[in-house]
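Enquirer: Here's a structure for you.
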Amino acid sequence: MTRTPLLCTALAAAALLLGGCGEKPQHAGTSHGNSTPAWNGPQTSFSAPGWKVGDQASWDEQIKQRNRGQNEYLRLP
Amino acid sequence: MARMKFICDSERCIECNGCVTACKAENDVPWGVNRRRVVTMGDGQPGEKSISVACMHCSDAPCMAVCPVDCFYRTDEGVVLHDKDVCIGCGYCSYACPFGAPQFPSNGAFGLRGKMDKCTFCAGGPEEHGSAAELEKYGRNRLSEGKLPACAEMCSTKALLGGDGDVVADIFRTRVLHRGKGSEVWGWGTAYGKPSK
Numbered sequence: 001m002t003r004t005p006l007l008c009t010a011l012a013a014a015a016l017l018l019g020g021c022g023e024k025p026q027h028a029g030t031s032h033g034n035s036t037p038a039w040n041g042p043q044t045s046f047s048a049p050g051w052k053v054g055d056q057a058s059w060d061e062q063i064k065q066r067n068r069g070q071n072e073y074l075r076l077p
Numbered sequence: 001m002a003r004m005k006f007i008c009d010s011e012r013c014i015e016c017n018g019c020v021t022a023c024k025a026e027n028d029v030p031w032g033v034n035r036r037r038v039v040t041m042g043d044g045q046p047g048e049k050s051i052s053v054a055c056m057h058c059s060d061a062p063c064m065a066v067c068p069v070d071c072f073y074r075t076d077e078g079v080v081l082h083d084k085d086v087c088i089g090c091g092y093c094s095y096a097c098p099f100g101a102p103q104f105p106s107n108g109a110f111g112l113r114g115k116m117d118k119c120t121f122c123a124g125g126p127e128e129h130g131s132a133a134e135l136e137k138y139g140r141n142r143l144s145e146g147k148l149p150a151c152a153e154m155c156s157t158k159a160l161l162g163g164d165g166d167v168v169a170d171i172f173r174t175r176v177l178h179r180g181k182g183s184e185v186w187g188w189g190t191a192y193g194k195p196s197k
């Protein structure tokens, strides 16, 4: 009867020791970004007019149009 | 899909630092960090040239190659971004970058370096687009708002062009043909490689 507590203590100690030696999964590195593409960004009060959120083609066209605005040869008569 | 690139036309840059100011204001860049800066060669001499320098979002980015914790990633638009939650501030990227783009806020004594900060092409970071967390860590996400980087859009002489590589190259080509000189694009070959024949 006196051996039961001793046995329990020994088992608990063994479980703790084994638990300490266990390995938790680890992840090194980044999540590698936001999986949401830029054309699917949220519609906010800052969003430029002229394109539809979630429509990649309209975003592409919006960016190209805006980009062409940097060409003053197209803006001057 | 657009492939985002920067060009700085040294024939046009007048060293006004408008791009630097626009970047700092738009992205609320911390004190002591300049994501974009203007470098002048032969300052005060006849024929001096100025260029606006920031992260060029290289096709084969050296910072990505050397980062020991793999905190960099490239978006579908070709923008090189990084995760500040993963960055350990080791500074390897600043040694590898040919443009001196990675910046480190000094916070405290003993030369302690904070998390790396650099130009995001106004595309935010890995947080949710347009979120408060993204704004605080990386600045404004203008791409997801259908806009281009504030520095290029604010440039008064249009020396700094930023956006889709094809459109930017077309604009620059037209410009060089009109003026008949100054076709050497500073940093273009270093960032995006030599043109394939």
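Chains as they are written, first to last, in the working numbering: chain A, 1 to 77; chain B, 1 to 197.
Don't be surprised by glycine CBs; every beta carbon is placed ideally from N, CA and C.
Since this is a predicted model, take the numbers as computed values, not measurements.
1) Compute the beta-carbon to beta-carbon distance between E26 of chain B and A150 of chain B, rounded to the nearest angstrom, for a pair I have assumed lies under 8 Å.
2) Counting only Cβ-Cβ distances shorter than 9 Å, please list the residues of the stretch 122 to 140 of chain B near chain A, keeping chain order.
3) Only counting the same chain, and skipping five residues up and downstream in sequence, which positions put a Cβ closer than 8 Å to that of V29 of chain B?
4) Is I171 of chain B close to chain A? Criterion is C-beta to C-beta, closer than 7 Å.
5) For D76 of chain B, decide whether its Cβ has a neighbour in chain A, counting only Cβ atoms nearer than 7 Å.
6) Quick one: Cα of H57 of chain B to Cα of N34 of chain A, how far?
7) Would you please verify whether the beta carbon of A82 of chain A is less than 7 Å from any beta carbon of chain B?
8) Report the residue from B:V66, B:G44 and B:V79 whose alpha carbon sits nearest the alpha carbon of C90 of chain B.
9) State the DSSP-derived secondary structure class of M64 of chain B, mapped to helix, strand or coil.
10) Can you give me the C-alpha to C-alpha distance between V38 of chain B and L17 of chain A, rounded to a whole angstrom?
11) Applying a beta-carbon distance threshold of less than 7 Å, which residues of chain B neighbour A10 of chain A?
12) In the DSSP output, which residue or residues are listed as bridge partners for L161 of chain B?
Expert: Concretely, from the data shown:
1) 4 Å
2) A123, G124, G125, P126, E127, E128, H129, G130, S131, E134 and R140
3) C23, R35, D117 and G139
4) yes
5) yes
6) 17 Å
7) Limits of chain A in this structure are 1 at one end and 77 at the other, which puts residue 82 of chain A out of reach.
8) B:V66
9) helix
10) 60 Å
11) The contacting residues do not exist; A10 of chain A stays about 42 Å from chain B at best.
12) B:I7
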